[in-house]
Amino acid sequence: MLSRLQKRKVVDLFYLLDQDRDGAVHWSDLDRIGSYVCLARGWSRDDDPARGLRTAHRLFWQSLLWSIGTTDEGGLRLDAWETHVERMHRAFQEGKRDVAARCADAWFQLLDADGDGVVGREDYRAWLLALGSSANADAAFDRLDADDDGVLDRGEVRLRWAEWIMADDADALGNVLATGRLSG
Ligand SMILES: [Ca+2]
Ligand SMILES: [Ca+2]
Numbered sequence: 010m011l012s013r014l015q016k017r018k019v020v021d022l023f024y025l026l027d028q029d030r031d032g033a034v035h036w037s038d039l040d041r042i043g044s045y046v047c048l049a050r051g052w053s054r055d056d057d058p059a060r061g062l063r064t065a066h067r068l069f070w071q072s073l074l075w076s077i078g079t080t081d082e083g084g085l086r087l088d089a090w091e092t093h094v095e096r097m098h099r100a101f102q103e104g105k106r107d108v109a110a111r112c113a114d115a116w117f118q119l120l121d122a123d124g125d126g127v128v129g130r131e132d133y134r135a136w137l138l139a140l141g142s143s144a145n146a147d148a149a150f151d152r153l154d155a156d157d158d159g160v161l162d163r164g165e166v167r168l169r170w171a172e173w174i175m176a177d178d179a180d181a182l183g184n185v186l187a188t189g190r191l192s193g
């Protein structure tokens, strides 16, 4: 059972991901976000970073379907997302670090749009812009980058993602990872 705060995070992400607002998230929504990221970075569809990003988005989508135990047909409705997050809670509680790490790494690949091995400020700005989030990307990035070295490395993303999933404390840094904000 998700707490009110945990649910707020999932709901906020869900409505931003559902780009065509048909009440479910499909691959086409994610693909559209990927195209917006490319636009924001000035990449054309056949550029190497654009190809890499599309692969990362595909892997993210597949890992999500795998985690939820479904196929793309009909898309992922809000209750499926909540089930996914509840499953991640259990994975943490049961010490299944490989399951949690796999999901966190899928997020890392998604956010590291240029594929240079770290999530830089430009990566993160483009993600929030593509998502359509109203958040101040720089403020959110500064909050996430707790060691203040100007990038989010894989370990940092794993930590912040764990907080995004698990934290029930409004001050937890990772609350803003997915959408740049803690709305509602
Ligand atoms: Ca990067
Ligand atoms: Ca950092």
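Sequential numbering of the sequence shown, starting at 10, is according to the numbering used here.
For glycine and all other residues, C-beta sits at the position ideal for the given N, C-alpha and C.
Exercise. May I ask you to report which of helix, strand or coil DSSP gives Val20?
Key: helix
Exercise. Output the distance between the C-alpha atoms of Ala148 and Thr92, rounded to the nearest integer angstrom.
Key: 30 Å
Quiz item: Looking only at C-alpha atoms, which of Leu119, Val108, Asp27, Leu22 sits nearest to Arg67?
Solution: Leu119
Quiz item: Got a sec? Which residues, its chain only, sit under 7 Å from Phe150 by beta carbon, not counting five neighbours each side?
Solution: Arg130, Tyr133
Exercise. Quick one: give me the first and last residue of the alpha helix (DSSP H) that Leu120 is part of.
Key: 106–120
Quiz item: Is any heavy atom in ligand 2 found nearer than 8 Å to the beta carbon of Ala149?
Solution: no
Quiz prompt | Distance between Glu95 and Met2 (C-alpha atoms, nearest Å) | solution = With the chain covering 10 to 193 only, the question about residue 2 has no answer from this structure.
Quiz prompt | Rounded distance between the beta-carbons of Leu87 and Ile77, thought under 8 Å | solution = Going by Cβ atoms, the distance from Ile77 to Leu87 rounds to 12 Å, so no, they are not a contact pair.
Quiz item: Between the C-alpha atoms of Trp90 and Gly51, what's the straight-line distance to the nearest angstrom?
Solution: 31 Å
Quiz item: When DSSP labels each residue in this structure, what does Val127 get in the three-state scheme?
Solution: coil
Quiz item: Is the distance from the Cβ of Arg167 to the Cβ of Ala110 below 9 Å?
Solution: yes
Quiz item: Can you list, in chain order, the residues of its chain whose CB lies under 7 Å from that of Asp27, leaving out five sequence neighbours each side?
Solution: Ala33, Val34, Asp38
Quiz item: So, helix, strand or coil for Leu161, using DSSP?
Solution: strand
Quiz item: Just to check, is the beta-carbon of Asp57 closer than 8 Å to a non-hydrogen atom of ligand 1?
Solution: no
Quiz item: How many whole angstroms separate the CB atoms of Leu22 and Ala187, which I take to be in contact at a CB cut-off of 8 Å?
Solution: 5 Å
Quiz item: Going by the CB atoms, is the gap between Ala65 and Ala135 shorter than 9 Å?
Solution: no
Quiz item: Who are the near neighbours of Cys47 in its chain, counting only those whose CB is closer than 6 Å to its CB and skipping five residues on each side?
Solution: Ala59
Self-check item: Chain-order list of residues whose beta-carbon lies under 7 Å from that of Ala115 (same chain, five-residue window excluded)
Solution: Leu68, Phe69, Ser72
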